[in-house]
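Residue numbers (numbering that gives the first Met the number 0), protein chains in the order written: chain A, 0 to 798; chain B, 0 to 184.
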Amino acid sequence: MHYKVIFLLLLSSFSSVSQNCDASLSGLVIDLHDGSTLPGATLIISNTQEAVQTNLYGEYTFPNLCDGTYFIQVSHPLCITKGFTVKVSGNTSKDFKLEHHLEELNQILIEGKGFQKETESIFQNRISQANPDRYSSGSLGDALNSISGVSSLNTGNTVVKPVINGLHSSRVVIINNGVRMEDQEWGAEHAPNIDINSAGSISLIKGAGALQYGGNAVGGVIVATSQKAPVKDTIYGQTQFNAATNGRGSAVTSEITQAYKNGWYGSLQGTLKRFGDFESPDYVLSNTGIFESNAAMRLGFNQFDYGFEAYYSIFKNEIGILRASHIGGAEDQVQAINSPRPLIIRDFGYNIDAPKQDVTHHLARIKAFRQFNGLGKASLQYDFQKNNRLEFDIRRGDDTNKASLDLALTTHTLMLDLDSEVSGNLNVKTGLMTRYQDNFANPDTGVRRLIPDYEKYELGAYAIMDFQIQENWMLEAGGRFDYTYMDVFKFYRSSFWESRNYDELFPEIVVEESANQILTNPQLNFYNASATAGSNYSFDGDYKLFFNYSLASRAPNPSELFSEGLHHSASRIELGDLSFNSEISHKVALTFQRENSTFGFSINPYIHSIKDFIVIEPIEIQQTIRGNFQVWEHRQTNASLLGIDVDASLAFAKNFRFNHQFSMVKGYDTSRNQPLINMPPVNTKNELVYQNPKIHNLRLALQSEYIFRQNEFPNNNFEVFLPQTESRELIDVSTPPDAYHLLNFNSNIDLNTTAKSKLTLGLGVSNLLNTSYRNYLNRLRYYANDLGRNFLLNLKLNY
Amino acid sequence: MNKLKFLTILFFTGLLFTACSNDDDSVPEIVNEDEVITTLIVSLSADGEAAPITLQTRDLDGDGPNPPVFTDSGNLAAGTTYNGTIAVLNETVSPTEDITEEVEEEADAHQFCYTVGSGLNVTTEYGNLDSDGNPLGTEFTLTTGEASSGTLTFTLRHEPKKPNTGLADAGGETDIAASFSVTVE
């Protein structure tokens, strides 16, 4: 003890002696809203009136300071001046955050980045404001498709489900305005219930790195964020009108935001979209129309150190499913697949008849935050979601207009997060989450429940830490634990219950037995741990290297556990398995990036290994009174995925730019040594862009999209006896379609720009050459060709 | 710091609230399929024969794992014209639901097709039509030739293309497909 005191004394004497005033203070001045750096900010030390300015990168340095405490005033032409107290000891680094007042409207709408970083060590792809506009009449899936490594699993062309590095559905988590979407995402033909127009920016994390939103994003996370309102007196808005020849429809979307200097803001947004039957180059795709109406509103109060926001959105869409795809058993399948044209082609129309989907999604959120000195930013969020999914099949008699599937999924979530800056270079984020979910399958459909009634309780906790080792070197590590409890009431068919030996395996869950069904009460517990660790390193100014390892684990979804019956849109019987455990995934991703306006690129290889990966595959043919059906059963296996995504952009002449994208993923079932089904084929996109700010910001882009044939696929073909021909016919449900090439053209120009408003006209043509093609990842590829040529008009008014 | 305490308390109150809000362990209602067809019965009667000959297929578990069960009451006589009727039933409900009525009410959206296997010496003729004059086929005539045997298949299509040239271009969705082994003696 004595020794220690002496040692301490010795140390302190040293520091007082060594106070020779060669310490320094340096760091960044950052926009509080989006983390962007602020060049041209002035920093004044009150004590000495010494002043410096931030350079182009928002960096400042006060050299030759003495150790001690300083009061520093930071000002910027577009910001409110603020004072900070800083303790300087040696070479100290400190970043200052300012409330940035946006200078003018265009910045908010085009360059404003109203988002924060979700992860430090995974390269994030973003679709910024200018880009979602191009997909205004499409869907979220269409917009995401423009990112390398993302493809989509389609059902026709209006149900577009994002596939990230080969994985989709329950393996992809979508965060809409801070809320994790609970919209029956387990279904391969359930598109995300988000209005693309309500998202100011969309960012994509290829992997499970964003632990604050959950640990089960085996495939990746999509974060859609709306624009933040500035803290100043302003009112602005945007209205867009879109029209397209294919589908002969249009979409209108409008948004208006009012903000005050005192921190209050509010915004309203709405979209209306209607399309009739879409057309392939040679025929009408009957019953493929869409009718969508969405609205969102926001009210909030924002100050530097506290604020709240209330948000509500409703999303409603009605989507027709290709009439010719609704078929019976294997005998119908043979004819439908072998026929070069769909068996049902009607005249163009706007009616949406069965088979169709009708989905309504309500989302309400209240969030409040407060900055506590010495503790950090604490935020509390409650959100409520209600998803009602109706699916209509072709039915008979009194049931004709009755839904075959009527699910109501209600979710309540409460989250408490704390974001603390422990020291200048260590940031820790921690949080707790609790969720209650109730699924109600309406028995009035007169069809046995596809997904049973269940209640689900979840509890999660996470901690993530970012540590800045050096100015250009960042480390990130995090962990999360989730507990899930499911209380299910499921009716099994007695014949199925016995054929699966469940009567011997799970006799304790039987509640009651009736003539041909058994009511059971499975109660399932899942414990899931997930973690992430990674680093990013910048060098030579432009170059950045990201490395990330993530461990994710996902509890099986209700469809994987409980499916038991005919799935009409797939014309197959699907079986789940009550004894499944969680999928566990390990992913290592590396990104090498060069950020440069003349020549920039990113190369992103990854390796992904998943234990107990749940796949669905055919096992046998089942005879029923309706004919023969192929039976597909969920099975757990081990899988590995390997891939690479490449992006590059080169400005090769004045106003000309060449963009390139390449993605490849290979997926294997390593237990059976065979390829995984529905892996996106290799694809490459190359685009030539001419943009001239002097001619009203004219932008012309010609894009070539080449999709290779998927050569690796499991063989799931089967044979069926046809009485008409008295022969056995092969039903080819496996062979992928041929490679294809599409040309797309896109252009836009600012027509009328005044100080207060801007009108932009866009014209585009997709599938310029009217190529007939079929897409391996379209579930309806057996029955019809994909979309033909489409002329698009887009009018956008910012005011 | 007090605010944090407050937030923590609020969080756990919320937890309690959500955990308690749903304590109704009510058992869900059973769903018996409305539309399922379990049984198809073809009755063939000829003048002068006492009892009609019946061909029946029955699949009580619908899409479940058990296959349908085929039964027939006897062989057909050579050189005879039979009047045929087809009945479709749902036997999972009590009393049994006769779905033939629904099929006949929606005649324009349904059609039975008859497929005679090679070797079987019989011909079929539609016995009833829908309101547009296209075949419906819940009634038909079957004429046997010389002694032979083979398969006779009855297929009910829902929302087929009408008129059509047969199963191959009818499209729509198969509601029933039943192949019987038939002997003419």
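For each residue, glycine too, the CB sits at the ideal point set by N, CA and C.
Note that the structure is a prediction, hence the values are computed from the model and not measured.
Please identify the residue among the options whose C-alpha is closest to the C-alpha of residue i.
i: ASP129 (chain B); options: B:GLY149, B:LEU39, B:VAL121, B:GLU138; result: B:GLU138
i: PRO521 (chain A); options: A:SER529, A:LEU560, A:VAL172, A:ASN500; result: A:LEU560
i: LEU267 (chain A); options: A:THR238, A:GLU704, A:SER279, A:ALA250; result: A:THR238
i: SER552 (chain A); options: A:PRO604, A:TYR605, A:THR483, A:VAL510; result: A:THR483
i: TYR212 (chain A); options: A:ILE624, A:ALA514, A:LEU413, A:PHE598; result: A:LEU413
i: ARG364 (chain A); options: A:ALA353, A:ASP357, A:SER378; result: A:SER378
i: ILE467 (chain A); options: A:VAL51, A:VAL73, A:ASP94, A:GLY67; result: Per the sequence presented here, residue 467 (chain A) reads as Gln, with Ile not at that position. Considering only alpha carbons, the answer is A:ASP94.
i: LEU59 (chain B); options: B:HIS157, B:VAL35, B:PRO27; result: B:VAL35
i: GLN384 (chain A); options: A:GLY373, A:HIS411, A:LEU518; result: A:HIS411
i: VAL87 (chain B); options: B:THR80, B:GLU96, B:TYR81; result: B:GLU96
i: SER596 (chain A); options: A:PHE657, A:ALA514, A:ASN153, A:LYS428; result: A:PHE657
CB residue i to CB residue j, shorter than 8 Å?
i: ASN175 (chain A); j: LEU406 (chain A); result: no
i: THR53 (chain A); j: PRO38 (chain A); result: yes
i: LEU550 (chain A); j: ALA569 (chain A); result: no
i: ASP131 (chain B); j: GLY564 (chain A); result: no
i: THR150 (chain B); j: PHE179 (chain B); result: yes
i: SER92 (chain A); j: SER25 (chain A); result: yes
i: PHE661 (chain A); j: THR683 (chain A); result: yes
i: ASN603 (chain A); j: ASP668 (chain A); result: no
i: ASN627 (chain A); j: GLU254 (chain A); result: no
i: ILE193 (chain A); j: ALA142 (chain A); result: no
i: ILE318 (chain A); j: GLN356 (chain A); result: yes
Measure the alpha-carbon distance for residue i versus residue j and round it to whole angstroms.
i: GLU210 (chain A); j: SER608 (chain A); result: Here the sequence assigns Leu to residue 210 (chain A), which means Glu is not the residue at that position. Rounded to the nearest angstrom, the two C-alpha atoms are 19 Å apart.
i: ASP46 (chain B); j: ALA106 (chain B); result: 28 Å
i: THR399 (chain A); j: ILE320 (chain A); result: 16 Å
i: PRO66 (chain B); j: ASN677 (chain A); result: 31 Å
i: LEU271 (chain A); j: HIS360 (chain A); result: 15 Å
i: VAL68 (chain B); j: THR56 (chain B); result: 5 Å
i: ASP486 (chain A); j: LEU523 (chain A); result: 7 Å
i: GLY430 (chain A); j: GLY459 (chain A); result: 8 Å
i: ARG625 (chain A); j: LEU39 (chain B); result: 11 Å
i: LEU139 (chain A); j: SER537 (chain A); result: 32 Å
i: TRP631 (chain A); j: LYS757 (chain A); result: 54 Å
i: TYR542 (chain A); j: ALA588 (chain A); result: 17 Å
i: SER225 (chain A); j: GLY199 (chain A); result: 4 Å
i: SER279 (chain A); j: PHE307 (chain A); result: 48 Å
i: THR31 (chain B); j: GLU103 (chain B); result: What sits at residue 31 (chain B) in the sequence shown is Asn, not Thr. Near 23 Å, if we compare the C-alpha coordinates of GLU103 (chain B) and ASN31 (chain B).
i: GLY116 (chain B); j: ASP174 (chain B); result: 20 Å
i: THR154 (chain A); j: GLU704 (chain A); result: 20 Å
i: GLN48 (chain A); j: ILE606 (chain A); result: 55 Å
i: ASN372 (chain A); j: ASN261 (chain A); result: 22 Å
i: ARG794 (chain A); j: THR157 (chain A); result: Per the sequence presented here, residue 794 (chain A) reads as Leu, with Arg not at that position. Spanning the two alpha carbons is a distance of roughly 22 Å.
Should residue i be counted as a contact of the ligand GDP given a C-beta to heavy atom distance under 7 Å?
i: ASN286 (chain A); result: Here there are no bound small molecules, and the ligand GDP is not part of this structure.
Report the three-state DSSP secondary structure of residue i (helix, strand or coil).
i: LEU321 (chain A); result: coil
i: PHE538 (chain A); result: strand
i: ASN400 (chain A); result: coil
i: ALA45 (chain B); result: coil
i: THR287 (chain A); result: coil
i: ASP418 (chain A); result: strand
i: LEU342 (chain A); result: coil
i: LEU59 (chain B); result: coil
i: TYR782 (chain A); result: coil
i: ARG133 (chain A); result: helix
i: PRO451 (chain A); result: coil
i: ASP352 (chain A); result: coil
i: TRP263 (chain A); result: strand
i: VAL333 (chain A); result: helix
i: GLY787 (chain A); result: coil
i: ASP97 (chain B); result: strand
Assuming the contact rule is C-beta atoms closer than 8 Å, residue i and residue j should be a hit. Round their C-beta distance to whole Å, please.
i: PRO442 (chain A); j: PHE488 (chain A); result: The pair is not a contact, with the Cβ atoms about 11 Å apart (cut-off 8 Å).
i: VAL26 (chain B); j: VAL510 (chain A); result: 7 Å
i: LEU374 (chain A); j: SER419 (chain A); result: 6 Å
i: VAL732 (chain A); j: ILE620 (chain A); result: Not a contact, Cβ separation roughly 12 Å.
Kindly list, in the order they appear in chain E, the residues whose Cβ is closer than 8 Å to that of residue i.
i: SER494 (chain A); result: Note that chain E does not occur in the displayed structure, where the protein chains are A and B.
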